[in-house]
Amino acid sequence: MIKDYRFKTDPIQWHEGMPLAPQHFQLNDHRYQSLFSFHVLNSGPYHWGVGELQIDALALSKGVFRLQKISGIMPDGAVIQYEENDQLPKLEIPLGEIDFKHQDTCSIYLALPAYAPGEPSAAGNVPRYISTAGDVVMDENGSFGDPTRVPRLAPNLYLIVGQTPSSKFVSFQMAEIAKVGGQYVLTTYVPPYLTLPKKEPLKKALEDLALEIRTKILYSLERYDAASDNPTNQHTQAILHTLIEALMPFETIVSAEGIHPFNLYLALVELASKISRLRLNLSHPPIFNIYDHNNIYEPFKITIDYVTKILDKMYDKVQTRTFQKKRGYFGLTLPTIWHSKTIILGMKKSAETSQATHQNWIENALIGTEKFAQSIIDRRIIGAVRRIVSPDEKSIINAPNDVVLVEVQIDPQFISLGEVLYVFNPSDVSSNRPTDIYHYVTINDI
36 MIKDYRFKTD PIQWHEGMPL APQHFQLNDH RYQSLFSFHV LNSGPYHWGV GELQIDALAL
96 SKGVFRLQKI SGIMPDGAVI QYEENDQLPK LEIPLGEIDF KHQDTCSIYL ALPAYAPGEP
156 SAAGNVPRYI STAGDVVMDE NGSFGDPTRV PRLAPNLYLI VGQTPSSKFV SFQMAEIAKV
216 GGQYVLTTYV PPYLTLPKKE PLKKALEDLA LEIRTKILYS LERYDAASDN PTNQHTQAIL
276 HTLIEALMPF ETIVSAEGIH PFNLYLALVE LASKISRLRL NLSHPPIFNI YDHNNIYEPF
336 KITIDYVTKI LDKMYDKVQT RTFQKKRGYF GLTLPTIWHS KTIILGMKKS AETSQATHQN
396 WIENALIGTE KFAQSIIDRR IIGAVRRIVS PDEKSIINAP NDVVLVEVQI DPQFISLGEV
456 LYVFNPSDVS SNRPTDIYHY VTINDI
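Just add 35 to wherever you are in the sequence shown, counting from 1, and you've got this note's numbering.
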């Protein structure tokens, strides 16, 4: 929003016989600029900043911050376009002159001398514009006259290091530099973009957040389908409704191009408000940071971290599903979607059974889904290949001491996803059987 109008918007009173001077045309230009600025800056919040930005990465590695190209709108509504050429001075700063011993980072601002009514804009010590020769222009009416070179006024842009420039300039911070291991690097600072570009890491972080929520939805769907008679089913359904409602509008705006960062932040806060329903400990709603167009990264990061923390606590990294025991066999319906090539079972040893007897039961048990169970019995084979996991092997599954982990190969000859997986040993006695069998599911499995 414009708070300080430095030029009048009243139209010039043109009349017949009026003696014309350059000031008439200059004032007319200023009027149209002011009208444009008024409408643009009041059409929406934070309608200023960077449109396109190219920083010379090679020069930065050699200790020079150099702008190759920039376009955008200054906070006073002035439209800027800069590209390295012979007519304009280079926009660069030697970083070796900056003292990094007493500061971790330094801010770099793009500045334009502010418009000063009553003072020349293209003359003086710090003019707002620089006179350039301009291009040779043909007569668009198609006349056969000679082409004419038309001089132009280019915005007199500066790069200023350190503190926010004085009120003699209109400016915004466009970069932040750190010195790491003797090398100059850009920090995570995000300039005030007019639209957040796809290459910006912050855009990638938002896309990754949407993907994480979609992964949680798929995981919740599998829990819901695979446990239709489970008392936690109603809770899983509530989680699904919340996640889907939160994801769809957020994913739509994040995947689109040409979206202003403020609109993305509003979508992120709306997402966070919906995801907040999943908190186990209900408390007062958080107060998120106010959006700061000069410091976009910080409010986004805090809100993304908040959502991620809730998502991480939704489910444990490992879910435990228990087989049902019926007439000497154990059975459990496998998920219909499974990304791993193996499944991990945990077989709990009874107190009376020796370790050797328990291991022997596992090695000789018949393992297969319902479609193949009878065939396994008839052919007198044990079915799916299994391997007892050594206690010394690293695993995210923290099984009790009396539970032996068994890795079972998903062989389509013996196991079909979506069917009941049976584990049984026809030749055993009841005292040798495991007291329970568990199926361990990690977030990477489904």
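We put the CB at the ideal spot given by N, CA and C, even for glycine. Small disclaimer: the values here were computed from a predicted structure and weren't measured.
Cα atoms of LEU237 and ALA245: separation of roughly 13 Å, rounded to the nearest angstrom. Taken through DSSP and simplified to helix, strand or coil, THR470 comes out as coil. The Cβ atoms of ILE345 and ILE310 sit closer than 9 Å to each other. Beta bridge pairing from DSSP links VAL85 with GLY107, TYR228. Boundaries around ARG66 are those of the alpha helix (DSSP H), 57 to 77, since no beta strand (DSSP E) includes it.
Rounded to whole angstroms, the separation of the alpha carbons of VAL85 and GLY197 is 19 Å. According to DSSP, residue pairing for LYS376 in a beta bridge does not occur. Secondary structure at ILE279: helix, using DSSP grouped into helix, strand and coil. Non-local C-beta neighbours of GLU280 in its own chain, meaning closer than 7 Å and more than five positions away in sequence, comprise LYS309, ordered along the chain. Within the same chain, and ignoring the five residues on either side of LEU70 in sequence, the residues whose Cβ sits closer than 8 Å to its Cβ are THR44. Bridge partners of ILE310 according to DSSP: none are assigned.
Take the alpha-carbon of SER142 and the one of HIS328: they are about 15 Å apart.
CA-CA distance, ARG66 to ALA302, rounds to 37 Å.
At a Cβ-Cβ threshold of 9 Å, ALA400 and ARG421 count as neighbours.
Per DSSP, LYS136 lies in no alpha helix (DSSP H) segment and is marked neither H nor E. Membership of THR392 in the alpha helix (DSSP H) is indicated by the continuous run 390 to 399. About 6 Å separates the Cβ atoms of LEU147 and PHE204, confirming a contact at the 8 Å cut-off. Nearest in C-alpha terms to MET209, of all of GLY217, TYR193, GLN218, is TYR193. Annotation for GLY98: PRO129, LEU130, GLY131, TYR219 place their beta carbon closer than 8 Å to its own, counting only its chain and skipping 5 residues before and after. Contact fails between the stretch 46 to 59 and the stretch 73 to 84, because fewer than three Cβ pairs, one in each stretch, are under 8 Å apart. The C-beta of GLY217 has fewer than 16 other C-beta atoms within 10 Å across all chains shown, which makes the residue exposed. Look at the stretch 154 to 241 and you find these whole runs of beta strand (DSSP E), each 3 residues long or longer: 164 to 167, 187 to 190, 193 to 196, 204 to 215, 218 to 221. Taking C-alpha positions only, ILE90 is separated from HIS295 by approximately 21 Å. By the criterion of a C-beta distance shorter than 6 Å, LEU102 is surrounded in its chain by LEU126, once the five residues flanking it on both sides are discounted. Within the same chain, GLN122, ARG184, PRO186 come within 7 Å of ALA168 by CB-CB distance, once the 5 residues on both sides are set aside. LYS384 sits in coil when the DSSP states are folded into three classes, being neither helix nor strand.
DSSP, reduced to helix, strand and coil, places LYS406 within a helical segment of the structure shown. Annotation for PHE335: no beta strand (DSSP E) segment contains it, though the alpha helix (DSSP H) segment containing it runs 332 to 347. Scanning LEU55, LEU145, LEU76, PRO162 for the CA closest to the CA of PHE207 turns up LEU145. In this structure GLY418 is in contact with ILE402, their Cβ atoms being roughly 5 Å apart against a cut-off of 8 Å. With a cutoff of 9 Å on beta-carbon distance, ASP471 and LYS360 are scored as near each other. According to the DSSP assignment, LEU95 belongs to the alpha helix (DSSP H) that extends over 92 to 96. The Cβ atoms of VAL455 and LEU367 lie closer than 9 Å to each other.
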